[in-house]
């Protein structure tokens, strides 16, 4: 069954949330995971794409924007409004809702900060997973 981790961050800046997600993505990539980053829309996908290139000067995480027709073996894909084109093991959810395909992943990472709207939606996602019996962990960062 899918395991879900919530990362609780201080502050309200969207950029800080993205940078922390990039650090987790880099760590997971180095451990050999196949990672799908789910966003709300193309603008957010472009933002995380740019942040992955620049969040650390000495970091390289191979990644690309994806759609269902993408036939690629890139270890990190970024998408929105679509499921990943192949099976991957880690879902980084930067969207405001959990995607309908979340259960195909071994792990899901959710990121919550002090932004009122994000916190409210994060609590709703937590309840959603909890009510369905998913294993939940919370990490205060």
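Numbering (this note's numbering), first residue to last: 34 to 174.
Backbone N, C-alpha and C define an ideal beta-carbon position, used for all residues, glycine too.
Report the rounded CA-to-CA distance for residue i versus residue j, giving the unit in angstroms.
{"i": "residue 108", "j": "residue 148", "result": "30 Å"}
{"i": "residue 126", "j": "residue 59", "result": "15 Å"}
{"i": "residue 112", "j": "residue 150", "result": "22 Å"}
{"i": "residue 88", "j": "residue 97", "result": "16 Å"}
{"i": "residue 70", "j": "residue 171", "result": "19 Å"}
{"i": "residue 99", "j": "residue 49", "result": "24 Å"}
{"i": "residue 124", "j": "residue 46", "result": "22 Å"}
{"i": "residue 85", "j": "residue 166", "result": "33 Å"}
{"i": "residue 76", "j": "residue 114", "result": "12 Å"}
{"i": "residue 133", "j": "residue 154", "result": "16 Å"}
{"i": "residue 159", "j": "residue 135", "result": "13 Å"}
Could you pull the DSSP bridge partners for residue i from this structure?
{"i": "residue 144", "result": "40"}
{"i": "residue 71", "result": "112 and 126"}
{"i": "residue 139", "result": "DSSP output for residue 139 lists no bridge partner at all."}
{"i": "residue 173", "result": "41"}
{"i": "residue 168", "result": "36"}
Looking at C-alpha atoms only, which residue of the options is the closest neighbour of residue i?
{"i": "residue 41", "options": "166, 114, 142 and 55", "result": "142"}
{"i": "residue 129", "options": "34, 61, 159 and 73", "result": "73"}
{"i": "residue 52", "options": "157, 94 and 67", "result": "94"}
{"i": "residue 66", "options": "120, 157 and 174", "result": "120"}
{"i": "residue 81", "options": "174, 55 and 162", "result": "55"}
{"i": "residue 37", "options": "105, 162 and 83", "result": "162"}
DSSP three-state call for residue i: helix, strand or coil?
{"i": "residue 97", "result": "strand"}
{"i": "residue 63", "result": "helix"}
{"i": "residue 35", "result": "coil"}
Just to check, is the beta-carbon of residue i closer than 8 Å to a non-hydrogen atom of the ligand GDP?
{"i": "residue 63", "result": "Because no ligand of any kind appears in the structure shown, any question about the ligand GDP cannot be addressed here."}
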